[in-house]
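Asks:
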Amino acid sequence: MKKVIIDCDPGHDDAIALLLASRADNIKILGVTTVAGNSEVYNTTRNARKVLDYADVFDVPVYRGCEKPLMRNLYRLTGAIIHGEDGLGGPSIPDPVTPIEKEHAVDYIIRTLKESDEKITLIPTGPLTNIAMALTKAPEIKAKIDKIIIMGGAIMDAGNITSAAEFNMYVDPEAAKIVFASGCNIYLNTLDVSMKAVFYEEDIERLRLQGDKVSVIVAQLLDFFADTHVKHFNFRACPVHDALCVGILIDESIIEYQKTFVDISVNDPLTMGETVADLWGITGNEPNCHISVKVDREKFVNMIINHMRKPYIKK
Ligand code: RIB
Ligand code: CA
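Position in the sequence shown (from 1) plus 39 gives the number in this note's numbering.
1) Which term fits residue 271, buried or exposed, when burial requires 16 or more other beta carbons within 10 angstroms of its beta carbon?
2) So, for residue 280: in the same chain, excluding its five sequence neighbours on each side, which residues have a beta-carbon less than 6 Å away from its beta-carbon?
3) Going by the DSSP bridge assignment, what does residue 334 pair with across the sheet?
4) Which residues in the same chain have their Cβ closer than 7 Å to the Cβ of residue 85, if we skip the five residues on either side of it in sequence?
5) Distance check for residue 291 and residue 339, CA to CA, integer angstroms please.
6) Could you check whether residue 209 and residue 143 sit closer than 8 Å to each other, using their CB atoms as the reference points?
7) Just curious, the alpha helix (DSSP H) that residue 185 is in, first and last residue?
8) Sort 283, 253, 181 and 313 by Cα distance to residue 331 and report the nearest one.
9) At what residues does the beta strand (DSSP E) containing residue 47 begin and finish?
10) Check the C-beta distance from residue 39 over to residue 214 and give it rounded, since I have them as a contact under 8 Å.
11) Compare the beta carbon distance of residue 226 and residue 188 with 8 Å and say whether it is the shorter of the two.
12) First and last residue of the alpha helix (DSSP H) that includes residue 216?
13) So the candidates are 255, 89 and 312; which of them puts its Cα closest to the Cα of residue 133?
14) Taking the alpha-carbon of residue 161 as reference, which of 105, 322, 69 and 118 has the nearest alpha-carbon?
15) Just curious, the beta strand (DSSP E) that residue 86 is in, first and last residue?
16) Does ligand 2 have a heavy atom nearer than 7 Å to the CB of residue 77?
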């Protein structure tokens, strides 16, 4: 059983990542922490709670995290456009019934890692603010981190905020710089793979036809997400970026990786948030992460569809 903490900013694809992890036989979600990103942290926290409650996942606690990036104001332009005003536009999901925990997300991450007698995998699918804060406040937690599986960045393909930068890295580049310099075992799933592992209309219809409440609501989330992608990216398909980070824990064969050195641009306004990979080893820096280089779309899509119809079983 892989024990994980998912740090997220729901967000349509974050929501599907939460649902996939909750249905995975080999994953125990110890807790969910939220961060400002796709929407304000009030919204991302409420969205995480209501998606989990909707899917009968009442026993997984949600902890509210940082209100803004480490050094900058929260970038608001695209979040609402892509994910809706409250961060989870589209289907009507009932209000959450389970309370949000009182402990701050950063303190929860530090405490849980320190108290754990085995290593834990962190799965950040939003800006890396909480993770950077935890590693800065308590660097010793690194010894308890098995992997950090990050959604973010773009290496050979273009970014989605500027041509250089992907959203999560753009929102809090300083936090990303701290995490990539931490020495932790990092797996970085970038747009290079997430924009290939997409749901087409027929895949969304397969979900809808399953007819159970979770499959139907995920189809409706993807309907909304696909519409915004068509409108703003002229891209007739729907990426589920964040769920790939959970997917590789279920079946590691869905993504191939290459070890390399990556650093984040923070000082140049033009390239701010760019994930720069030293693909030829010219910087003399040791590799600090595994970057995603290839993805099996069919396996990933089938994994999500097959897991969504499964009932939640407490682990
Ligand atoms: O660029 C894609 C990432 O930004 C995803 O995590 C999505 O949820 C948004 O946060
Ligand atoms: Ca996200």
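Cβ coordinates follow ideal geometry from the N, Cα and C atoms, glycine included.
In this text, all values refer to a predicted model and were calculated from it rather than measured experimentally.
Replies: By the coordinates alone:
1) Exposed, by the Cβ-count rule.
2) 52, 190 and 233
3) 294
4) 135
5) 11 Å
6) no
7) From DSSP, residue 185 is part of no alpha helix (DSSP H) but of the beta strand (DSSP E) over 184 to 190.
8) 283
9) 41 to 47
10) Absent from the model: residue 39. The displayed extent of the chain is 40 to 354, so no value can be given.
11) yes
12) 212 to 219
13) 89
14) Of the listed residues, the one whose Cα sits closest to residue 161 is 69.
15) It is not in any beta strand (DSSP E) - residue 86 instead sits in the alpha helix (DSSP H) that spans 80 to 93.
16) Yes, ligand 2 has a heavy atom inside 7 Å of this Cβ.
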